[in-house]
Each structure stands twice: as structure tokens, then as C-alpha cells.
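*Asks:*
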Amino acid sequence: MYKVTWQSPSNIALIKYWGKKAGQLPMNPSLSLTLSKCYTQTSLKLSAKSGETSKLAFLFEAKENKPFQMKIEKFLANIFRYFDFLKDFDIEIESFNSFPHSSGIASSASSMSALALCLCSAEQDITGKLSEFDNFFQKASFIARLGSGSAARSVYGNSVLWGRTELIENSNDLYAVPVEAKIAESFCDSILVVSSDVKKVSSSAGHELMKTNKYAPVRYSHANENLEKILGSLKNDNIEECFRIIESEALSLHAMFMLSHPGFILLAPNTVQIINKIITYREKNNIPICFTLDAGPNVHIIYGMEHKVDIQYFIETELRQMCENGIVIHDKIGKGPLKIE
Ligand code: PMV
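So the sequence shown is numbered by this note's numbering: it starts at 44 and just counts up by one.
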């Protein structure tokens with residue numbers, strides 16, 4: 044029997060990926076920060092095949108979970124051709140998330156990257172090499188991408204870029220690449236859980252709606268402009284400009300939701316209240332702080348480690364009461380996935 048375990052973190056996009064082409068390729072490059080505390084831990088066990096076809100057993104947090112199992116079956120069917128050796132094994136997968144149950148925090152980036160890393164380790168350990176790729180993390184990112192686009196970025200720590208851009212050498216649509224951004228390495232991300240309700244529009248349905256969105260071409264060129272500006276600001280340690288772009292990206296993403304046909308709103312009343320309070324706090328205290336959003340109502344607050352005490356006091360006294368069950372996760376930028384020996 045073979046067993047391998049990886050912990051892989053979630054990530055938060057600064058430049059958002061929204062809209063894709065066939066083959067899970069992005070319409071614009073995206074840039075993210077890899078988190079630290081919010082991760083999925085996945086173990087993959089392989090044993091000699093007992094029947095004609097490979098069997099899959101899946102446990103999430105020690106229990107069977109049909110919707111997740113179906114997602115994994117679909118993913119494995121899609122990536123089987125990149126792991127020829129798998130056809131000789133029955134597969135057992137066990138997974139858990141470090142972040143609270145039903146917190147509404149997207150786990151596809153962490154879970155798909157953790158599974159991709161386990162599969163690449165298994166291939167390397169069992170066959171002695173990786174097929175089609177020389178670089179372990181490139182293959183892991185390529186495979187994670189096929190599970191969930193944003194998962195491609197979770198295989199590296201700190202700042203990560205996915206998608207072809209003239210601005211970064213070696214960047215491409217097939218897998219993510221790490222990007223040097225010293226200043227971002229000390230960023231914190233406090234996640235304010237406004238609602239844990241299941242999303243009204245899934246990510247895949249949302250990406251699909253970009254195909255008929257009349258504003259999509261403007262969005263893609265805006266994302267490219269924002270990428271150029273944010274890379275410049277990160278290089279020059281211009282935190283104010285960097286934070287302005289992060290907020291512009293969050294609002295543009297949600298504007299795209301509203302401009303789709305049919306349009307939809309994922310902001311909740313408390314999301315808007317929290318955003319307004321962050322803006323007021325920044326103006327009053329002259330402390331660099333900004334917000335960003337995923338495809339949901341939860342607010343990510345980004346700030347430098349040096350302002351941790353002040354900003355976490357602000358969150359405790361003014362914002363926590365607006366969160367569902369008072370859930371706030373104080374995370375920070377992390378070094379990327381970890382193989383558990
Ligand atoms: O990876 P997906 O298909 O769930 O899309 C993620 C999209 C956003 O989280 C909204 C943005 C991003 O780049 O992570």
C-alpha cells in the first residue's frame with residue numbers, strides 16, 4: 044500500500060480570474076496571495092486493484108460526502124490520462140479543511156491543489172518520474188487547474204501569477220508561476236465571514252455568463268492594466284497604489300456579476316456596511332488597509348503585519364458583530380503547500 048499526505052492552502056486573488064476559454068484556460072492573467080492557516084489536508088492511499096476497474100473511496104472530515112465524491116470522480120476521470128500508472132490501483136482519498144465547517148469560505152483552490160500534489164507525489168514515488176513535465180510543481184499546478192482554475196495558484200507560496208502576460212517571463216495559461224513581491228510577504232488577510240449560505244450562482248455558471256456579457260472585453264483589458272499597475276506598485280513598495288488596485292478589482296468582479304444576463308448580486312447588506320467602515324477607518328487613521336472579495340459576500344481585509352494590533356482591534360470592536368456567528372479568521376500570507384511525512 045502507498046500513502047501520501049499534503050496540506051495545501053487557499054489563496055486570495057488580487058487580480059481576479061473571471062471568464063474562461065475551453066480547457067479551463069483563463070481569459071485574463073490573475074495574481075494571488077497564498078494563505079497560511081486556511082488549508083485542506085488530503086491523504087491519498089493506493090492499493091493494488093481488486094477488480095476489473097479502479098475503485099474510489101472518499102471521506103471528507105471522516106464522513107462520506109456524496110457531492111464532494113462526485114466532484115472528485117469527475118476530476119479524476121478528467122486527469123486520468125496524465126497519470127497512466129493509476130489504472131493499476133484502487134484509490135482512497137481522505138480530506139479535511141482547517142477552516143470552520145460551513146463558513147462559506149471557498150475550498151476548491153485548497154482541496155484541488157492538495158489532491159493534485161498527492162497525485163504528483165504518488166506518480167513520482169511509484170514510477171520514479173513524472174510524465175509530461177520535468178518540474179513537480181508545474182505539473183501539480185497544471186493538474187490543480189483542471190479541478191478549479193484558482194487552484195493552479197495554490198501550489199506556490201507568497202505571490203503567484205496564472206495566465207499569459209508579456210509582463211512576466213514564463214507566464215502561461217496552463218500552470219501558475221511564482222512572482223517575487225517582497226512587500227506582500229508580510230501582508231495579513233483577516234477574513235470576515237458575512238454569510239455561509241451556499242452561493243446562488245456557482246463559479247462555473249458565473250464564468251459561463253462572461254461569454255455573453257457585453258462588458259467582458261472591457262473587463263479583460265482592465266484586468267491586464269491593473270496587473271501591470273499592481274506589479275509596478277509591488278516592485279516599488281507603493282502600498283497605497285497596490286491597495287487601490289486590489290479594491291478596484293474586487294468591485295469590478297462584482298460589477299461583472301451585476302452586468303451578466305441574468306445579473307446577480309452576491310454582496311450582502313453587511314458586506315457593504317463593512318466596506319464602508321473600512322474606507323472610513325482608512326481616511327480617519329491614515330493606516331493602509333483595503334478590502335477584497337471573492338465570488339461571495341465575505342470580506343477579506345488586507346494590511347501589513349506592522350498594523351496588525353490596530354487593525355485587529357478595529358475588527359474586534361467594529362466589524363466582528365456584523366459577521367455570521369462572529370466568525371473572523373485572521374490569516375496571513377504563507378509559504379505554500381506542505382508535504383506531511
Ligand atoms: O477557480 P474558480 O473557477 O472557482 O474561480 C475563482 C474565481 C474567483 O475566486 C472569483 C477569482 C480568483 O481569481 O480566484
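Cβ atoms here follow ideal geometry from the backbone N, Cα and C, with glycine treated the same way.
Three-state secondary structure (DSSP) at Pro312?
*Replies:* Start at 1 with the first residue of the sequence shown, and residue 312 comes out as number 269. Of the three classes helix, strand and coil, the one that applies to Pro312 here is helix, per DSSP.
*Asks:* From Leu309, Ile282, Glu283, pick the residue whose C-alpha is nearest to that of Ser295; which is it?
*Replies:* For this step, residue 295 is matched to residue 252 along the sequence shown. With distances taken between Cα atoms, Ser295 lies closest to Leu309.
*Asks:* Determine the closest residue to Ala152 out of Asn178, Trp205, Ile226, with distance taken between C-alpha atoms.
*Replies:* Residue mapping note: residue 152 aligns to position 109 of the sequence shown, counting from 1. Checking every option, the nearest Cα to that of Ala152 belongs to Trp205.
*Asks:* Excluding sequence positions up to five away, which residues of its chain have a Cβ less than 6 Å from the Cβ of Ala219?
*Replies:* Here the question's residue 219 lines up with position 176 in the sequence shown. Taken in chain order, the residues that qualify are Ser184, Ala195, Arg196, Val203, Trp205.
*Asks:* Using only the alpha-carbon positions, how far apart do Ala403 and His250 sit?
*Replies:* With the chain covering only 44 through 384, there is no way to say anything about residue 403.
*Asks:* For His250, is the beta carbon positioned less than 7 Å from some heavy atom of ligand 2?
*Replies:* This structure lacks ligand 2; its bound ligands are ligand 1.
*Asks:* Please report how far the alpha carbon of Tyr263 lies from the alpha carbon of Cys285, in whole angstroms.
*Replies:* On the sequence shown, residue 263 is found 220 positions in, with the first residue counted as 1. On the sequence shown, residue 285 is found 242 positions in, with the first residue counted as 1. In a straight line, the C-alpha of Tyr263 is about 19 Å away from that of Cys285.
*Asks:* According to DSSP, is Lys109 part of a helix, a strand, or is it coil?
*Replies:* Here residue 109 corresponds to residue number 66 of the sequence shown, with the count starting at 1. Lys109 falls in the helix class under three-state DSSP.
*Asks:* Is Trp49 a contact residue of ligand 1, with contact defined as CB to any heavy atom under 7 Å?
*Replies:* Taking the first residue of the sequence shown as position 1, residue 49 is located at position 6. No, since every heavy atom of ligand 1 falls outside the 7 Å radius drawn around the Cβ of Trp49.
*Asks:* For the beta strand (DSSP E) that contains Ile55, what are its first and last residues?
*Replies:* Along the sequence shown, one-based indexing puts residue 55 at 12. Segment 45-58, the beta strand (DSSP E) holding Ile55.
*Asks:* So the candidates are Met70, Tyr60, Ile372; which of them puts its Cα closest to the Cα of Cys10?
*Replies:* Look at the range of the chain in this structure, 44 to 384, and you will see that residue 10 is not part of it.
*Asks:* Secondary structure at Pro221, three-state DSSP: helix, strand or coil?
*Replies:* Taking the sequence shown and counting its residues from 1, the one referred to as residue 221 is at position 178. Looking at Pro221 - three-state DSSP - the assignment turns out to be strand.
*Asks:* Smallest Cα separation from Gly94: which of Ile134, Thr85, Ser146?
*Replies:* Counting from one through the sequence shown, the residue named residue 94 turns up at place 51. The candidate whose alpha carbon is nearest that of Gly94 is Ile134.
*Asks:* Which first and last residues belong to the beta strand (DSSP E) in which Phe132 is found?
*Replies:* Locating residue 132 in the sequence shown gives position 89, counting from the first residue. Phe132 -> beta strand (DSSP E) spans 132-140.
*Asks:* Rounding to the nearest angstrom, what Cα-Cα distance links Val237 and Phe128 in this structure?
*Replies:* Counting from 1 along the sequence shown, the entry for residue 237 is found at position 194. Counting from 1 along the sequence shown, the entry for residue 128 is found at position 85. Those two C-alpha atoms are separated by around 44 Å.
*Asks:* Restricting to Cα atoms, I'd like to know which of Asn269, Pro340, Tyr45, Pro72 is closest to Glu212.
*Replies:* The residue labelled residue 212 in the question sits at position 169 within the sequence shown. For Glu212, the nearest C-alpha among the options comes from Pro72.
*Asks:* Could you pull the start and end residues of the beta strand (DSSP E) that Lys80 belongs to?
*Replies:* For the purposes of this step, residue 80 is identified with residue 37 of the sequence shown, where counting begins at 1. Per DSSP, Lys80 belongs to the beta strand (DSSP E) from 73-91.
*Asks:* With three or more beta-carbon pairs closer than 8 Å as the criterion, would you say the region 159-177 touches the region 338-348?
*Replies:* Touching, no.
*Asks:* Leaving aside the five residues before and after Ile289 along the sequence, list all residues of the same chain whose C-beta is less than 7 Å from its C-beta, in chain order.
*Replies:* Within the sequence shown, residue 289 is the residue found at index 246, counting from 1. So the qualifying residues of the chain are Leu57, Cys333, Thr335, Ile345.
*Asks:* Return helix, strand or coil for Val371, following the three-state DSSP convention.
*Replies:* Locating residue 371 in the sequence shown gives position 328, counting from the first residue. Residue state, collapsed to three classes: strand.
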